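Have a look at the structure below before the remarks.
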DNA sequence: CTAGACCCTCCCATCGTTGGAGGGTCAAGC
DNA sequence: GCTTGACCCTCCAACGATGGGAGGGTCTAG
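Protein chains in written order, with my numbering: chain A, 1 to 160; chain B, 1001 to 1160.
Take a look at the structure:
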């Protein structure tokens, strides 16, 4: 089947399939004489795997590791479980940080009259010396977003 | 004061200050004859405002709106409150989605022996037809990450 | 006068995804 | 045959926020 059909069958956009191939996440698909990529049912399975892992918030770099662990059955589940649990921890850290942000903002908003009075606690709060971001940050030294979990778009599932 | 000093005083990197100016988020700072940007205490206040709003997960595009509302006091708090509450809702949606991801993954991981047995429920789960992403997605049609809240890196506060 | 700290403007990378431009290929209908 | 429209191809650029670095100018203390 062609790339368009594979895309529909796997819920991965044609753009992304080509992108994954270019980045080595997928092996290069064989081509027809005219250059069209050709896919088999197994490839759709692989695409669906990528899509699901992506939906679970795994960064592509990690998605690339998973199947290799899969093939190398000797050290299969232990490694995968470790990776998955680390990922869960990262996701939960992030969720906690989000809750903290939401709480801070909601507090500010609650104090806001919401009318035309010129003083707005929200703006005043944000203007403060330090954002009252609670110590939700357990934190763990990683500088930015924590290596994993970076995309994790909101519940993308229903989008197709 | 120079950009470096302003950066330290506001906890905004020099790179970012220049970036914000280039993107119109900040008015162009006056320059010395030699081209150095010059800042006054008030500017540091503005920078700190941006930093705090950023830490609360506001995308820069929205941060740009806040001060303009601030200046236009006539319609101050009502607008700001609306914006803030919408933001809170978006953040919480995202947090919910993260929890759902974490739960799904944890379930898969829990079922995993974590030893050398060749079958790994995690990989099998991810390979399934559909990711068992719960109906956390109440969802709301927006296609990608939901407009606001996109950066929100994990508890960045302690990083400086 | 020189070293080192600071500043300047560019460009590039990250991460995942989308969009478009510009062009080739295929199948169906006439 | 030939046209049309759907499909495919490869590049190139953009988003959002940030960081890194090159290559160069400026300032200040010794």
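Where a beta carbon is used, it is the ideal one built from N, C-alpha and C, also for glycine.
These numbers come from a predicted model, not from an experiment.
Range covered by the alpha helix (DSSP H) that runs through residue i
i	result
residue 46/A	41 to 55
residue 1007/B	1003 to 1010
residue 21/A	14 to 22
Sub-8 Å separation of residue i and residue j beta-carbons
i	j	result
residue 98/A	residue 1091/B	yes
residue 50/A	residue 12/A	yes
residue 86/A	residue 1095/B	no
residue 26/A	residue 60/A	no
Contacts around residue i, its chain only, beta-carbon distance under 6 Å, and the 5 residues preceding and following it disregarded
i	result
residue 1001/B	1039
residue 48/A	10
residue 1019/B	none
Cα-Cα separation, residue i to residue j
i	j	result
residue 135/A	residue 1037/B	Confidence in residue 135/A is poor, its pLDDT being 35 and thus under 50, which makes the residue's placement too unreliable to answer from.
residue 52/A	residue 1003/B	45 Å
residue 1034/B	residue 1057/B	36 Å
residue 101/A	residue 109/A	12 Å
residue 77/A	residue 1014/B	45 Å
residue 8/A	residue 1041/B	56 Å
residue 1023/B	residue 23/A	31 Å
Nonlocal neighbours in the same chain, by C-beta distance under 8 Å from residue i, ignoring five residues either side
i	result
residue 1065/B	1083
residue 106/A	none
Contacts around residue i, its chain only, beta-carbon distance under 7 Å, and the 5 residues preceding and following it disregarded
i	result
residue 1032/B	1038
residue 6/A	17, 39, 43, 44 and 47
residue 21/A	28 and 29
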